[in-house]
Amino acid sequence: MQGIAAYREISRDFAQGDRIQFTANNRELAVSNRDTGTIERIDSNQISVKMDGSKERTVTFDAAQMRHFDHGYAVTSHSSQGLTADRVLVNMDTKVHPELINTRFAYVSVSRASEDVRIYTNDIAVLSERLSTDVTKTSAVDLQKAQAEPAHNQQNQTKEPPMNNSREHSQEELRRQILAETNTHAPENIRNSADIEHRHNAPIQTALPKEASDYEWKRETGEIQSYQHNHAGSWLHIDPQGQFYDRLALPITREAALEQTGQSSAHSMGDNAQAQSGGKDITDLGLSL
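Now the structure itself:
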């Protein structure tokens, strides 16, 4: 036994036009957990949903058999990774557990908007304090991997070398920007921040729409955006035109880039929902200029 999934049955009312999100993977429908769409038709127990995404399609299922779906008007920050919306309303309630409100939560939430984002909070002073807290931690899995690697690889994987590029922007700079904009109540500045984050995430969302949520934006070098895989630790470097690069900022093919990350070309087209390292060398630590 590799694991179990536990669910609780809850009553929900749905109608044509409702936004819904799937809450579990379903291979027969080719939908993944947290995929979203709009109900086009309800005929008895048969529900037809127009799925969101660049490739519009409609899936139909029997609600009496496939029950893993819920309303999709609001999603968590974790579920929103890889999604883009014109307008985003972010609820940052400081009464929740302190570890739930942090820089990563703010970064992902704000970067979902392409035109406008608004942050709502019950206490702006506490929120500013929470967003100033560094939540970077070393997981048990990362520690185990580090201990298994040779000593010379450990040093390379624990610290990414600087790129020494005057046009490089990091997450720390973005964190300070979000804090400043929140404290000054400047909606226009927040929209500008959303534009910056949209620029950061647009290349990978366009090049790898199915796998974009598996990667986290790390830095910008000129027009090249760098992303690191959330689990495998491998890197991708992509410009706005969809050109891939190696860690020395040299152009490479899409196939070569995916080969370095341990992904196949077929995987990048969405045949699999989960990224795999494939045993490849993932010591690429970002662009080195």
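Using my numbering, read the sequence shown as starting at 978 and increasing by one per residue. Using N, Cα and C, we set each Cβ at its ideal position, and we do this for glycine too.
Strictly by DSSP, which residues pair up with residue i?
i       : result
Asn1002 : For Asn1002, which the question treats as bridged, DSSP gives no partner whatsoever.
Gln1237 : Answer is none; Gln1237 lacks a bridge partner.
Tyr1084 : The partner list for Tyr1084 (beta bridge, DSSP) is empty, contrary to what the question assumes.
Arg1095 : Leu1066
Gly1014 : Ile997 and Met1028
Leu1213 : Tyr1204
Who are the near neighbours of residue i in its chain, counting only those whose CB is closer than 7 Å to its CB and skipping five residues on each side?
i       : result
Gln1182 : Gly1059, Thr1061 and Ala1189
Glu1200 : Asp1216 and Pro1217
Ala1041 : Asn1022
Answer with buried or exposed for residue i, where buried requires no fewer than 16 other C-beta atoms within 10 angstroms of its C-beta.
i       : result
Asn1178 : buried
Tyr1097 : exposed
Tyr1192 : buried
Ile1078 : buried
Arg985  : exposed
Pro1228 : exposed
Pro1269 : In this structure the chain extends from 978 to 1266, so residue 1269 is not present and cannot be described.
Ala1234 : buried
Ser1109 : exposed
Arg1011 : buried
Thr1037 : exposed
Asn1141 : Caution is warranted here: a pLDDT of 44 is assigned to Asn1141, below 50, making its placement in the model unreliable, and no coordinate value can be reported.
In chain order, what residues of the same chain lie with their CB nearer than 6 Å to the CB of residue i, ignoring the 5 residues before and after it?
i       : result
Ala1184 : Ile1215 and Gly1219
Gly1049 : Arg996, Ile997, Gln998 and Thr1013
Pro1139 : Because the pLDDT at Pro1139 is just 43, under 50, the model does not fix this residue reliably, and the value given afterwards should be weighed accordingly. Excluding residues within five positions, none has a Cβ falling inside 6 Å.
Val1067 : Ser1086 and Ile1096
Leu1104 : Met1069, Thr1071 and Thr1098
Lys1136 : In this predicted model, Lys1136 has a pLDDT of only 41, less than 50, meaning its place in the structure is not dependable enough to derive any value.
Asp952  : Coverage of the chain is limited to positions 978 through 1266, which leaves residue 952 absent and any answer about it impossible.
Excluding sequence positions up to five away, which residues of its chain have a Cβ less than 8 Å from the Cβ of residue i?
i      : result
Gln993 : Ile1016, Glu1017, Arg1018 and Ile1019
Arg989 : Asp1047 and His1048
Ala983 : none
contact_flag[the segment 998 to 1005, the segment 1018 to 1025] where n(CB pairs < 8 Å) is 3 or more:
Output reads no: the segment 1018 to 1025 does not touch the segment 998 to 1005.
Contiguous alpha helix (DSSP H) assignments of at least 4 residues, all confined to the segment 1029 to 1091
Whole alpha helix (DSSP H) segments, 4+ residues: 1080 to 1087.
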